[in-house]
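Enquirer: If you use the numbering used here, the sequence shown closes out at 202, no skipped numbers anywhere.
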Amino acid sequence: MQVPPMLRPTSGGRAAAVLILFGEGANGPDVLLTERAATLSNHAGQPAFPGGRIDPGDTGPVAAALREASEEAGVEPSGVEVLATLPELYLSHSEHRVTPVAGWWREPSDIAPGHPGEVATVARVPIAELVDPANRLTVRHPSGVRFGPAFRVRGMLVWGFTAGLLAQVLDAGGWNRPWDTERVESLPPEAVKPAARG
């Protein structure tokens, strides 16, 4: 997978991991997404892959990604077959070094928001919906600068790091379909408020 220059890791930042979990759902192959609670101080209401910081008790990115998916969405780690650990990416705005972990949901478990104060929604989003040209767009920062690719699926606007990574994964899997890259919408100001440090 090609890593955009702005996302290449540096020596700083806090280590984190996300789980890109694919499965076979009722509507074909899908991927698991969560939506953060609107009351959070960081990334409020933003869809994301399950994930978070790598804790001292974790043995590495894979353990952290599986633990977070269990805590946030009820995913049973024993039912996940880890396929690959992707190159670490750096998020300058939050100063995190994020390792994406790709997995296959060999034995799906029931899912639900694990932390009501942190996770508002958990959804298995079909790949067919993600690659539907009608659900693709580019988002623009309120300052007028184009921000990157986005998806409108299941009542969520997926953008930022998650959308960029998702677009790359769909490309790598050969799933992507041509879409109108000139369809541009502005992000609401509350979606891009500065992240709290700490």
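Glycine included, each C-beta is placed from N, C-alpha and C at the ideal position.
Computed from a predicted model, the values in this text were never measured in an experiment.
Our contact map puts Ala52 next to Leu70 with C-beta atoms below 8 Å; I'd like the distance itself, whole angstroms only.
Expert: For the purposes of this step, residue 52 is identified with residue 48 of the sequence shown, where counting begins at 1. For the purposes of this step, residue 70 is identified with residue 66 of the sequence shown, where counting begins at 1. Ala52 to Leu70, Cβ: 16 Å. No contact.
Enquirer: Using the C-alpha atoms, what's the distance from Ala21 back to Thr63?
Expert: To locate residue 63, count along the sequence shown from 1; it is residue 59. To locate residue 21, count along the sequence shown from 1; it is residue 17. In a straight line, the C-alpha of Thr63 is about 12 Å away from that of Ala21.
Enquirer: Return the bridge partner residues of Arg57 from the DSSP annotation.
Expert: Within the sequence shown, residue 57 is the residue found at index 53, counting from 1. Per DSSP, Ala20.
Enquirer: Tell me whether His145 sits in a helix, a strand or coil according to DSSP, three-state version.
Expert: Your numbering for residue 145 matches position 141 in the sequence shown. Coil at His145, not helix or strand.
Enquirer: Would you mind sorting Val79 into buried or exposed? The rule is 16 or more other CB atoms within 10 Å of its CB.
Expert: Here residue 79 refers to the residue found at position 75 when the sequence shown is read from its first residue. So Val79 ends up on the buried side.
Enquirer: Count the other C-beta atoms from every protein chain shown that fall within 10 angstroms of the C-beta of Ala167, then say buried if there are 16 or more, exposed otherwise.
Expert: Walking along the sequence shown from the start, residue 167 turns up at place 163. Ala167 should be labelled buried.
Enquirer: If you measure between the beta carbons of Glu122 and Ala176, is that distance less than 7 Å?
Expert: Looking up residue 122 in the sequence shown gives position 118. Looking up residue 176 in the sequence shown gives position 172. Not in contact: Glu122 and Ala176 (Cβ atoms no closer than 7 Å).
Enquirer: Pick from Gly118, Trp109, Ala138: whose alpha carbon is nearest that of Pro33?
Expert: Indexing the sequence shown from 1 puts residue 33 at position 29. The option with the nearest alpha carbon to Pro33 is Trp109.
Enquirer: For His100, which residues in the same chain have their Cβ closer than 6 Å to its Cβ, ignoring the five residues on either side in sequence?
Expert: On the sequence shown, residue 100 is found 96 positions in, with the first residue counted as 1. Closer than 6 Å at Cβ, skipping near neighbours: Gly17, Arg18, Ala20.
Enquirer: From the DSSP output, read off the bridge partner residues of Gly27.
Expert: Residue 27 sits at position 23 when you count from the first residue of the sequence shown. BP columns for Gly27 point to Asp34.
Enquirer: From Val66, Gly118, Ala116, pick the residue whose C-alpha is nearest to that of Pro104; which is it?
Expert: Translated into positions along the sequence shown, residue 104 becomes position 100. Taking only the C-alpha atoms, the option nearest Pro104 is Val66.
Enquirer: Tell me where the alpha helix (DSSP H) around Leu87 begins and ends.
Expert: Position 83 of the sequence shown, counted from the first residue, corresponds to residue 87. Where Leu87 is concerned, there is no enclosing alpha helix (DSSP H), although the beta strand (DSSP E) it sits in stretches over 84-89.
Enquirer: Who are the near neighbours of Leu169 in its chain, counting only those whose CB is closer than 7 Å to its CB and skipping five residues on each side?
Expert: Your numbering for residue 169 matches position 165 in the sequence shown. Around Leu169: Pro104.
Enquirer: Out of curiosity, what's the CA-to-CA distance linking Glu75 and Leu25?
Expert: Against the sequence shown, residue 75 aligns to sequence position 71. Against the sequence shown, residue 25 aligns to sequence position 21. About 14 Å.
Enquirer: Considering only their Cβ atoms, is the gap separating Arg181 from Pro153 smaller than 7 Å?
Expert: Taking the first residue of the sequence shown as position 1, residue 153 is located at position 149. Taking the first residue of the sequence shown as position 1, residue 181 is located at position 177. No, Cβ-Cβ distance for Pro153 and Arg181 is not below 7 Å.
Enquirer: In angstroms, rounded to a whole number, what distance separates the CA positions of Thr185 and Arg140?
Expert: As a working mapping, residue 185 is identified with position 181 in the sequence shown. As a working mapping, residue 140 is identified with position 136 in the sequence shown. For Thr185 and Arg140, the distance between alpha carbons rounds to 8 Å.
Enquirer: For Ala41, list the residues DSSP reports as bridge partners.
Expert: As a position in the sequence shown, residue 41 is number 37, starting the count at 1. Bridge partners of Ala41: none, in fact.
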